[in-house]
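Residue numbers (this note's numbering), protein chains in the order written: chain A, 3 to 236; chain B, 116 to 364.
Read through the structure below, which is laid out as structure tokens, and then see the notes.
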Amino acid sequence: MTETAATAAVGGRSREAIAQRLAADLRDGYVVNLGVGIPLLVPRFIPPDVEVILHAENGVLGLGPPAADGQEDPDLTDAGKQPATVITGAAIVDSALSFAVVRGGHLDVTVLGALQVSGRGDLANWYVPGRNPAVGGAMDLVAGAREVWAVMEHVDRAGQPKIVERCTFPLTGRHVVTRVYTDLAVFHVADGQLRLTECAPGVSPAAVRDRTAAPYIEDLAGRDGSGAGALRRG
Amino acid sequence: MIDKFRADPMSALAPIPSGACVAVGGFGSSGRPDTLLDALCDLDRRGLHVIVNNVGSDFTGIGRLLAEGRIRRLTASFPVLPDFYDEYFAGRVELELIPQGTLAERLRAGGAGIPAFYTPSGAGTMLTDGTFPLGYDPDGQVAERMQAREHRSFSGREHVLEYGIVADFALVKAHKGDRKGNLRFRLSARNFNPLAAMSGRYTFAEVEHLVAAGDLAPDDIHLPGVFVDEVLLRSELSPRQPAIPRSGS
């Protein structure tokens, strides 16, 4: 829906395909928080042999699918205040304990939409100046989760790169993003260094370079598009 | 004998004066104490400093306070309601925007006797560097900005100093409560309720079910009655609010 002439010209992944690509990197046992937008498409693509605990800011650990029509319970919603369900084995806590989970390093991954990501891993995703400011749990999530995976269209509606040398939108956090999944590519960020690890099927490294405004290292060797390896716990 | 049950919300909440600082539980309409909020409106209290995670999506609950011009300052993480921002940019309401986890912990800390704490959330952002507009003049110019937070590095990471919140009053909602003030919440309607209750110097709890003391086993009590001063029944006139369109976290 936000496809631009630039991305249309080079192909790349649909929103669903970005979510599917990201889901392939989730590992059995992960505790994961999903933001709004493309991240919400991720659960349907989690492989059946991978059990992931979904965390919602309002205190749910073990969030299930949205509630079916007629099955809504006003006492059970997701972080977007939509009627939700829980999985067997779920737990519910208050908001302080929910964010103790977040800040305490007990979230393996938070998957967040982004306005901009800088080459050093700065994230801007909470506020467009001139619009209505609201932050929710975004700053806690990026400060606390072990991994922050930004998922977004590679360029904005005007065709401008969203991976930039320096964010021009107000920051959500500094040096927090560890991976970026877009319609065109997958990047990793480590030690303040951005690395292109994968181009989407049919997308050339040159096309990615043309649409990326931060310096990065091409690190495509050995990447088969099936995922970039598991995080190690501890 | 301890009996914290009160039958009439209007007379119970009458001691809350205009201008009071009031912490309120709920996440959107989930777990929001609508009966108590309606009583506050019916009592015609004004100039309130309301601490709540969000305003909601309509003119019920916190939205009613806003629509009736009763809020002087809002401390929140996700206001949501567009009409709130109209009031904010017009200089009629101040907004202290706080990361959600910081808001929860500030309420908990205030009720736990912890005056301040360091957190990494928001460090190095405009919510802690003193640039975020707290309020506007009627002509649209920034009148005041949120106070800059002290930054301090721990283990090489930047953190900010945040203060515990002690509210004059707290309004919360629970699923079950007894006459000792013990509360039990249901599913994700718990959210900010125990924390708002802890933060209040004087706390009112609205319950769906008033149960006899002992019906809630000690192990099943989510918030003990020591944090609750008065218990009221949720009114049948406060309908459960429908879920709202997804608009972010």
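Using N, Cα and C, we set each Cβ at its ideal position, and we do this for glycine too.
No experiment lies behind these values; they were computed from the predicted model shown.
message = Does Gly-161 of chain A pass the burial test, meaning 16 or more other C-beta atoms within 10 Å, or should it be called exposed?
response = Working through the first sequence from its first residue, we reach residue 161 of chain A at position 159. So Gly-161 of chain A counts as exposed.
Beta-carbon proximity list for Pro-339 of chain B, same chain, < 7 Å, skipping 5 on both sides = Against the second sequence, residue 339 of chain B aligns to sequence position 224. Apart from the 5 residues on each side of it in sequence, Pro-339 of chain B sits with its Cβ closer than 7 Å to the Cβ of Asn-297 in its chain, given in chain order.
Distance, Thr-184 of chain A Cα to Thr-240 of chain B Cα = Counting from 1 along the second sequence, the entry for residue 240 of chain B is found at position 125. Counting from 1 along the first sequence, the entry for residue 184 of chain A is found at position 182. The straight-line gap from Cα to Cα measures roughly 25 Å.
query = Applying a beta-carbon distance threshold of less than 9 Å, which residues of chain B neighbour Val-239 of chain A?
reply = In this structure chain A extends from 3 to 236, so residue 239 of chain A is not present and cannot be described.
message = Here's a check: name, in chain order, each residue in its chain whose Cβ is nearer than 6 Å to the Cβ of Trp-128 of chain A, leaving out the five neighbours to either side.
response = Taking the first residue of the first sequence as position 1, residue 128 of chain A is located at position 126. Closer than 6 Å at the Cβ level, and outside the excluded window around Trp-128 of chain A, lie Val-137, Ala-140 and Thr-174.
message = Which residues of the segment 160-175 of chain A have a Cβ closer than 9 Å to any Cβ of chain B? Give them in chain order.
response = The residues in question are Pro-172, Leu-173, Thr-174 and Gly-175.
Proximal chain A residues relative to Ser-303 of chain B, where beta-carbon distance stays under 7 Å = Position 188 of the second sequence, counting from 1, holds the residue named residue 303 of chain B. Neighbours of Ser-303 of chain B across chain A, judged by C-beta separation under 7 Å: Asn-60, Gly-61, Val-62, Asp-77, Leu-78, Thr-79 and Ile-94.
Contacting residues, own chain, Cβ-Cβ under 6 Å from Ile-177 of chain B (five flanking each side not counted) = One-based indexing of the second sequence puts residue 177 of chain B at position 62. Taken in chain order, the residues that qualify are Val-167, Val-170 and Gly-171.
request  = Quick one: measure Cβ to Cβ for Arg-294 of chain B and Glu-321 of chain B, integer angstroms, because I've assumed they're closer than 8 Å.
outcome  = Here residue 294 of chain B is taken as the residue at index 179 of the second sequence, counted from 1. Here residue 321 of chain B is taken as the residue at index 206 of the second sequence, counted from 1. The C-beta distance from Arg-294 of chain B to Glu-321 of chain B rounds to 15 Å, too long to meet the 8 Å contact threshold.
message = As a quick exercise: from B:Leu-151, B:Leu-310 and B:Phe-300, pick the residue whose alpha carbon is nearest that of Gly-226 of chain B.
response = Working through the second sequence from its first residue, we reach residue 226 of chain B at position 111. When each option's Cα is compared against that of Gly-226 of chain B, the closest is B:Leu-310.
request  = Step through the CB atoms of chain B and report whether any lies within less than 9 Å of the CB of Gly-91 of chain A.
outcome  = The residue given as residue 91 of chain A occupies position 89 in the first sequence. No, its Cβ sits nowhere closer than 9 Å to a Cβ of chain B.
request  = Would you mind stating whether Ala-102 of chain A and Pro-85 of chain A have Cβ atoms separated by less than 9 Å?
outcome  = Translated into the one-based positions of the first sequence, residue 102 of chain A becomes position 100. Translated into the one-based positions of the first sequence, residue 85 of chain A becomes position 83. No, they are not a contact pair.
task = Could you have a look at Asn-35 of chain A and say whether DSSP puts it in helix, strand or coil?
result = Position 33 of the first sequence, counted from the first residue, corresponds to residue 35 of chain A. Looking at Asn-35 of chain A - three-state DSSP - the assignment turns out to be strand.
Host beta strand (DSSP E) of Ile-94 of chain A (start-end) = Position 92 of the first sequence, counted from the first residue, corresponds to residue 94 of chain A. Note, Ile-94 of chain A: beta strand (DSSP E), 86-94.
query = Gln-73 of chain A by DSSP, collapsed to three states: which one?
reply = Taking the first sequence and counting its residues from 1, one reaches residue 73 of chain A at position 71. DSSP places Gln-73 of chain A in coil when its eight states are reduced to three.
task = Determine, using beta-carbon pairs with one atom in the segment 48-63 of chain A and one in the segment 86-98 of chain A, whether at least three such pairs fall under 8 Å.
result = The answer is yes - the segment 86-98 of chain A touches the segment 48-63 of chain A, with three or more Cβ pairs under 8 Å.
request  = Taking only beta-carbon positions, decide if Gly-231 of chain B is within less than 9 Å of chain A.
outcome  = To locate residue 231 of chain B, count along the second sequence from 1; it is residue 116. Per the sequence shown, the amino acid found at residue 231 of chain B is Ala instead of Gly. Cβ-Cβ to chain A under 9 Å: no for Ala-231 of chain B.
task = Output, in chain order, the set of chain B residues within a Cβ distance shorter than 7 Å of Val-104 of chain A.
result = Here the question's residue 104 of chain A lines up with position 102 in the first sequence. Under the 7 Å cutoff, chain B gives Gly-216.
task = Measure the alpha-carbon distance for Arg-235 of chain A versus Gly-255 of chain B and round it to whole angstroms.
result = The sequence position of residue 235 of chain A within the first sequence is 233, counting from 1. The sequence position of residue 255 of chain B within the second sequence is 140, counting from 1. Caution applies to Arg-235 of chain A, whose pLDDT of 36 falls short of 50 and renders its modelled position unreliable; the value that the coordinates give is listed next. So the alpha carbons of these two residues sit roughly 50 Å apart.
query = To which residues of the same chain is Glu-167 of chain A closer than 8 Å at the C-beta, ignoring the five residues directly before and after it?
reply = Start at 1 with the first residue of the first sequence, and residue 167 of chain A comes out as number 165. Contacts found: Ser-120, Gly-121, Ala-215, Ala-216 and Pro-217.
query = Between the segment 301-309 of chain B and the segment 324-336 of chain B, do three or more beta carbon pairs fall short of 8 Å?
reply = Touching, no.
key: Between the CA atoms of Pro-130 of chain B and Val-157 of chain A - distance to the nearest angstrom   = The count along the first sequence starts at 1 and reaches residue 157 of chain A at position 155. The count along the second sequence starts at 1 and reaches residue 130 of chain B at position 15. Distance between the alpha carbons of Val-157 of chain A and Pro-130 of chain B is about 56 Å.
request  = Say yes only if the C-beta of Asp-252 of chain B is nearer than 8 Å to one or more non-hydrogen atoms of the ligand PLP, and no if none qualify.
outcome  = Annotation note on the ligand PLP: not contained in the displayed structure, which lists no ligands.
query = Under three-state DSSP, which class holds Pro-253 of chain B?
reply = Counting from 1 along the second sequence, the entry for residue 253 of chain B is found at position 138. DSSP places Pro-253 of chain B in the coil class of the three-state scheme, outside both helix and strand.
key: Own chain, CB closer than 7 Å to Pro-41 of chain A, minus 5 neighbours either side, in chain order   = Along the first sequence, one-based indexing puts residue 41 of chain A at 39. Excluding its 5 nearest sequence neighbours in each direction, Pro-41 of chain A has C-beta neighbours in its own chain below 7 Å: Val-113, Leu-114, Gly-115 and Val-153, listed in chain order.
message = Taking the straight line between their C-alpha atoms, what separation do you get for Ile-165 of chain A and Ser-16 of chain A?
response = As a first step, residue 165 of chain A must be located in the first sequence, where it is residue number 163. As a first step, residue 16 of chain A must be located in the first sequence, where it is residue number 14. Rounded to the nearest angstrom, the gap between the Cα atoms of Ile-165 of chain A and Ser-16 of chain A is 18 Å.
query = What residues from chain A crowd round Ala-219 of chain B, counting only those whose CB sits closer than 7 Å?
reply = Reading the second sequence from its first residue, position 104 is the one you call residue 219 of chain B. What Ala-219 of chain B touches in chain A: Ser-97, Ala-98 and Phe-101.
query = What in chain B is Cβ-close to Gly-72 of chain A, meaning under 8 Å?
reply = Within the first sequence, numbered from 1, the residue matching residue 72 of chain A stands at position 70. Against chain B, the beta carbon of Gly-72 of chain A has no neighbour under 8 Å; the closest one sits roughly 13 Å away.
message = Three or more C-beta pairs under 8 Å: does that hold for the segment 44-56 of chain A against the segment 13-30 of chain A?
response = At 8 Å Cβ cutoff, the stretches touch.
ask   = If we cut at 9 Å on Cβ distances, does Tyr-200 of chain B have a partner in chain A?
value = Numbered from its first residue, the second sequence carries residue 200 of chain B at position 85. Closer than 9 Å: yes.
inquiry  = Pairs of beta-carbons, one from the segment 259-272 of chain B and one from the segment 283-293 of chain B, closer than 8 Å: are there three or more?
reply    = Touching, no.
query = Is the Cβ-Cβ distance between Gly-250 of chain B and Val-208 of chain B less than 9 Å?
reply = For this step, residue 250 of chain B is matched to residue 135 along the second sequence. For this step, residue 208 of chain B is matched to residue 93 along the second sequence. Closer than 9 Å, so yes.
query = Using a C-beta cutoff of 9 Å, does Thr-241 of chain B count as contacting chain A?
reply = Counting from 1 along the second sequence, the entry for residue 241 of chain B is found at position 126. Note that residue 241 of chain B corresponds to Met in the displayed sequence, not to Thr. At a cut-off of 9 Å between beta-carbon atoms, Met-241 of chain B makes contact with chain A.
Ala-98 of chain A beta carbon less than 9 Å from that of Glu-220 of chain B = Sequence index remark: in the second sequence, residue 220 of chain B carries index 105 (1-based). Sequence index remark: in the first sequence, residue 98 of chain A carries index 96 (1-based). Yes, Cβ-Cβ distance for Glu-220 of chain B and Ala-98 of chain A is below 9 Å.
Chain A residues whose Cβ lies nearer than 7 Å to that of Phe-307 of chain B = On the second sequence, residue 307 of chain B is found 192 positions in, with the first residue counted as 1. Identification of chain A residues near Phe-307 of chain B by a Cβ-Cβ cut-off of 7 Å yields Ser-97, ordered along the chain.
message = Give me the chain A residues within the contact set of Thr-234 of chain B, using Cβ-Cβ distance strictly less than 7 Å, ordered along the chain.
response = In the second sequence, counting from the first residue as 1, residue 234 of chain B sits at position 119. Going along chain A in sequence order, the residues near Thr-234 of chain B (Cβ under 7 Å) are Arg-105.
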